[in-house]
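Going by this note's numbering, the final residue of the first sequence carries number 466, and the count climbs one at a time with no gaps. Note that the Cβ used here is the ideal one computed from N, Cα and C, for glycine as well.
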Amino acid sequence: MIMTVTRFAPSPTGYLHIGGLRTALFSWLYAKHTGGTFRLRIEDTDMARNSEEALEAIIQAFEWVGMSYEGEVVYQSKRLDIYKKYIDYLLAEGKAYRCYMSKEELDTLREEQTARKERPRYDGRYRNFTGTPPQGVEPVIRIKAPESGMIEFTDGVKGEISIAGSEVDDFIIARSDGIPTYNFVVAVDDALMGLTDVIRGDDHLYNTPKQIVVYKALGFKIPNFYHVAMINNEQGKKLSKRDGATDVMEYKALGYLPEALLNFLVRLGWSHKDQEIFSIEEMIALFDPNDLNKSASNYNLDKLLWLNAHYIKNMPNAKLAIVLKEYGVHIEEHDKRELLLDATKERGKTLVELADQIHLILNAPQNYDEKDTKKAFKEDTKEILEDFVHLLQNWEKPLHLPVDYHAVMQRLVEDKQIGFGKIGMPLRVSLLGSMTGAGMDEIMAILGVDETIARIQKATVCIK
RNA sequence: GGCCCCAUCGUCUAGCGGUUAGGAUCCAUGGUUUUCAUCCAUGUUACCGGAGUUCGAGUCUCCGUGGGGUCACCA
Numbered sequence: 003m004i005m006t007v008t009r010f011a012p013s014p015t016g017y018l019h020i021g022g023l024r025t026a027l028f029s030w031l032y033a034k035h036t037g038g039t040f041r042l043r044i045e046d047t048d049m050a051r052n053s054e055e056a057l058e059a060i061i062q063a064f065e066w067v068g069m070s071y072e073g074e075v076v077y078q079s080k081r082l083d084i085y086k087k088y089i090d091y092l093l094a095e096g097k098a099y100r101c102y103m104s105k106e107e108l109d110t111l112r113e114e115q116t117a118r119k120e121r122p123r124y125d126g127r128y129r130n131f132t133g134t135p136p137q138g139v140e141p142v143i144r145i146k147a148p149e150s151g152m153i154e155f156t157d158g159v160k161g162e163i164s165i166a167g168s169e170v171d172d173f174i175i176a177r178s179d180g181i182p183t184y185n186f187v188v189a190v191d192d193a194l195m196g197l198t199d200v201i202r203g204d205d206h207l208y209n210t211p212k213q214i215v216v217y218k219a220l221g222f223k224i225p226n227f228y229h230v231a232m233i234n235n236e237q238g239k240k241l242s243k244r245d246g247a248t249d250v251m252e253y254k255a256l257g258y259l260p261e262a263l264l265n266f267l268v269r270l271g272w273s274h275k276d277q278e279i280f281s282i283e284e285m286i287a288l289f290d291p292n293d294l295n296k297s298a299s300n301y302n303l304d305k306l307l308w309l310n311a312h313y314i315k316n317m318p319n320a321k322l323a324i325v326l327k328e329y330g331v332h333i334e335e336h337d338k339r340e341l342l343l344d345a346t347k348e349r350g351k352t353l354v355e356l357a358d359q360i361h362l363i364l365n366a367p368q369n370y371d372e373k374d375t376k377k378a379f380k381e382d383t384k385e386i387l388e389d390f391v392h393l394l395q396n397w398e399k400p401l402h403l404p405v406d407y408h409a410v411m412q413r414l415v416e417d418k419q420i421g422f423g424k425i426g427m428p429l430r431v432s433l434l435g436s437m438t439g440a441g442m443d444e445i446m447a448i449l450g451v452d453e454t455i456a457r458i459q460k461a462t463v464c465i466k
């Protein structure tokens with residue numbers, strides 16, 4: 003297998019959103035799949051829009067999901083002299099030229115073209131200019147794009163793409179302040195970094211012919227391109243901030259496990275037969291960008307939630323306890339840790355919900371919801387609970403495990419000739435202050451006899 | 001608007017000329033359970049429309065429709 007070099011190249015203008023994370027994941031997986039290299043490059047040539055916080059947020063998101071990049075992060079803002087060298091070369095070769103058109107002139111031209119219902123484009127007026135340049139205008143540098151013919155390339159996702167050369171105008175590769183522009187630096191860096199495969203969103207499809215112009219002008223080898231279809235919202239429209247969590251780190255705050263998020267994202271646009279659950283190792287082993295879907299997919303929370311619940315359920319307790327620390331639950335050293343987690347991990351779709359479940363057990367209820375108590379407490383309830391306390395206090399054997407407590411409940415229902423329902427719900431409300439939650443036997447085993455009795459007694463006092 | 005891309009259950013998807021169109025999620029029902037959840041079983045729901053090619057089309061071609069992307073001295 004050929005070792006690939008892939009990259010993720012965000013611009014630090016905002017947080018990392020899930021669409022970006024998915025393309026990064028695809029790139030990362032493909033590199034790992036081939037035993038190749040995955041790199042991170044920051045596209046920060048637009049000095050005005052860069053932000054330090056955005057950069058940190060992106061790095062942080064990568065850390066959280068556990069995607070590692072090799073080598074140093076490449077910052078384009080630190081490579082300006084390299085780009086200048088290539089621009090000078092193109093100028094010298096006559097493959098690029100200075101254009102003295104001012105912004106205002108350009109705007110006017112575009113307005114005229116739009117009025118004539120033409121596609122706004124640069125008219126090439128300085129392409130072969132040999133006269134005296136106008137005074138007071140700092141020129142931009144434009145690259146000579148083919149005036150006719152087709153620019154063709156094979157996209158690993160979309161197939162054969164051909165775009166008329168006339169659709170690509172002599173685009174600007176360096177602004178009047180000398181800073182090179184996106185399509186130029188992307189091509190230069192992708193080539194210089196030895197990229198074999200470029201996986202990116204299909205909103206970049208139209209940049210590809212432009213970048214190919216640069217590759218050809220500079221004599222670089224053209225990499226394989228994969229343009230991944232977008233992720234839309236539930237309505238099939240472009241994902242925006244209004245669609246809730248789009249910031250990757252927001253998912254952490256909401257209680258999602260990174261493995262669930264990654265599993266969710268990898269299945270958006272990619273599949274392997276009927277398989278739904280993929281460990282990272284399986285993803286790496288099976289992923290191939292050539293299997294990527296052509297069509298856009300809609301973002302839907304249900305599947306993510308289901309996956310998250312799955313990963314929570316199947317996570318070893320020791321690891322779960324560590325993860326839970328971020329959600330205010332500190333039970334790593336708790337002597338009933340295993341019992342606590344076994345009793346609750348199937349009841350939370352998110353870590354936030356799981357933390358709530360655990361809090362319910364660990365902290366005695368401060369008050370009792372009136373609706374719950376009305377439902378759970380009948381006339382004979384107080385007496386039943388008191389009998390139960392009495393049984394607990396006089397139980398001849400030590401009470402440790404859930405089965406021990408189960409035996410006590412068993413004895414109670416037998417002695418009093420009642421159903422489990424008579425004791426179960428009142429007991430639950432007494433211990434948790436809630437109608438739902440973990441199994442009674444487990445809860446009591448976690449609390450211990452003393453705390454169990456204390457909570458029941460408190461409840462019987464509070465409730466008339 | 002020009003150019004480009006896309007189109008299977010509500011959603012994520014399998015399918016790669018011959019299938020009772022499969023799986024997952026969601027939803028509903030039943031079972032298990034002292035509650036809830038888990039788990040198990042069952043069920044409802046899809047090939048955008050129209051031509052063509054072919055013995056045969058969800059699969060190939062064309063047209064239409066719908067959706068998306070893109071047209072910066074942003075990335």
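Backbone secondary structure at residue i - three-state DSSP
i: T183; result: coil
i: Q213; result: helix
i: D374; result: helix
i: Y228; result: strand
i: D199; result: strand
i: E9; result: Per the sequence shown, the amino acid found at residue 9 is Arg instead of Glu. Strand.
i: N234; result: strand
i: N319; result: helix
i: Q78; result: helix
i: F64; result: helix
i: Y125; result: The sequence as given places Asp at residue 125; Tyr does not occur at that position. Looking at D125 - three-state DSSP - the assignment turns out to be coil, as it is neither helix nor strand.
i: I465; result: coil
i: I333; result: coil
i: L207; result: coil
i: V142; result: strand
i: G21; result: helix
i: T47; result: coil
i: S29; result: helix
Cutoff 6 Å; reference residue i; Cβ partners in own chain excluding five residues on either side
i: A311; result: K351
i: D443; result: P404, Y407, H408
i: S104; result: V139
i: Y71; result: F40, R41, L42
i: A298; result: A231, M232, N234
Residue i: CB within 7 Å of a non-hydrogen atom of the ligand FAD
i: V170; result: The ligand FAD is not among the ligands present in this structure, which contains no ligands whatsoever.
Within 8 Å, strictly: CB atoms of residue i and residue j
i: Y301; j: D199; result: no
i: I165; j: P211; result: yes
i: L434; j: I363; result: yes
i: V230; j: L306; result: no
i: L264; j: H274; result: no
i: F390; j: L414; result: yes
i: L222; j: A176; result: Before going on, a small fix: residue 222 reads as Phe here, not Leu. Not a contact, by the Cβ cut-off of 8 Å.
i: L343; j: A357; result: no
i: Y88; j: V190; result: yes
i: L197; j: R9; result: yes
i: L309; j: I448; result: no
i: T47; j: G203; result: no
i: K384; j: T462; result: yes
Contacting residues, own chain, Cβ-Cβ under 8 Å from residue i (five flanking each side not counted)
i: P148; result: G167, V170, V215
i: L241; result: H19, I20, G21, M232, I233, N234, N235, T248, Y301
i: W66; result: V250, M251, K254, P260
Backbone CA spacing between residue i and residue j [nearest angstrom]
i: V142; j: D109; result: 15 Å
i: G37; j: Q62; result: 24 Å
i: A388; j: G439; result: In the sequence on display, residue 388 carries Glu and not Ala. Rounded to the nearest angstrom, the two C-alpha atoms are 22 Å apart.
i: M427; j: M437; result: 7 Å
i: D249; j: T132; result: 51 Å
i: I425; j: E398; result: 21 Å
i: I153; j: E348; result: 55 Å
i: K119; j: R127; result: 20 Å
i: P12; j: T116; result: 32 Å
i: E334; j: L394; result: 29 Å
i: I44; j: A59; result: 13 Å
i: F173; j: E54; result: 29 Å
Same chain, Cβ closer than 7 Å to residue i, five either side skipped, listed in chain order
i: D125; result: L111
i: Y313; result: L259, E261, A262
i: D157; result: I163, F227, Y228, H229
i: C464; result: Y370
i: K296; result: V159, K160, A231
i: V187; result: T47, Q78, Y85
i: L256; result: A247, T352, V354
key: In chain order, each beta strand (DSSP E) run of at least 3 residues that lies wholly inside the region 226-305   = 226-230
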